[in-house]
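Count along the sequence shown from 1, add 142, and you get the number used in the numbering used here.
The beta-carbon is built from N, C-alpha and C at its ideal position, and this holds for glycine as well.
Heads up: the structure comes next, in structure tokens.
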Amino acid sequence: MHPPISNSEACTGSALGLLFRQTRDAMWARMERELAAAGHELTFSQFMAMKKLTLGIASVTDLARAADLNPGAMTRLLDKLEARGLLVRVADPGDRRALHIHLTEAGRTMWRDIDQCGQRVRERALHGMDEATRTHLTRLLEQVRDNLLSQD
Numbered sequence: 143m144h145p146p147i148s149n150s151e152a153c154t155g156s157a158l159g160l161l162f163r164q165t166r167d168a169m170w171a172r173m174e175r176e177l178a179a180a181g182h183e184l185t186f187s188q189f190m191a192m193k194k195l196t197l198g199i200a201s202v203t204d205l206a207r208a209a210d211l212n213p214g215a216m217t218r219l220l221d222k223l224e225a226r227g228l229l230v231r232v233a234d235p236g237d238r239r240a241l242h243i244h245l246t247e248a249g250r251t252m253w254r255d256i257d258q259c260g261q262r263v264r265e266r267a268l269h270g271m272d273e274a275t276r277t278h279l280t281r282l283l284e285q286v287r288d289n290l291l292s293q294d
């Protein structure tokens, strides 16, 4: 457990950044435990790629962006998921240079299970918060992200 942040520290950039980092790391550590308990070994990037593919066909570039990887690293990640039978890559009939990547039936089945793991982790993270507080927290985090990404 981490000691509480004092009021004087709470507004410093380093304390806020550390809190974001600890929260992200704690969420993924909990997710890894949930996945392992369900019999799945996935990295965060593999999870994010599969999540993106649940929306339909995607390109290597789309998936790399979603998982915050470079396209070369994403190609290696896709090789591993394809070897496990979770996705397939099919040449685009209109552009031989492009690939369409989609989940196989095994990948969709696994996604349904790992999505349940994700829901359990989210519920644990938001335990004790009513719906209004959850919505407010999400909006605040989106605002922080957008503030930091703005180009002004």
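Between the Cα of residue i and those of the options, spot the shortest distance and give me the residue it belongs to.
i, options, result
"Ala209", "Gln293, Leu283, Gln188 and Gly270", "Gln188"
"Thr251", "Ala180, Ala168, Leu279 and His269", "Ala180"
"Phe162", "Gly198, Thr277 and Leu282", "Leu282"
"Cys303", "Ser156, Phe186, Asp221 and Ala206", "This structure cannot settle anything about residue 303, because the visible part of the chain is limited to 143 through 294."
"Arg175", "Arg262, Ala200, Ser156 and Val286", "Arg262"
"Glu247", "Gly227, Leu291 and Leu211", "Gly227"
Please say whether residue j and residue i have beta carbons closer to each other than 8 Å?
i, j, result
"Leu219", "Gly249", "no"
"Thr196", "Leu245", "yes"
"Val202", "Met216", "yes"
Which residue or residues does DSSP assign as beta-bridge partners of residue i?
i, result
"Ile243", "Ala200 and Arg231"
"Asp167", "Its beta-bridge partners do not exist; DSSP assigns none."
I think residue i touches residue j, with their Cβ atoms under 8 Å apart; what is that distance to the nearest whole Å?
i, j, result
"Arg266", "Arg166", "Contact doesn't hold; Cβ gap of about 15 Å is too wide."
"Asp234", "Ala240", "4 Å"
"Leu177", "Ile256", "6 Å"
Say the cut is 7 Å; is the CB of residue i nearer than that to a heavy atom of the ligand MN?
i, result
"Ala180", "Absence of the ligand MN from the depicted structure is noted, as is the absence of any ligand whatsoever, leaving it without description."
Using the Cβ count rule (16 or more neighbours within 10 Å means buried), how would you classify residue i?
i, result
"Leu223", "buried"
"Met192", "buried"
"Ala274", "exposed"
"Leu205", "buried"
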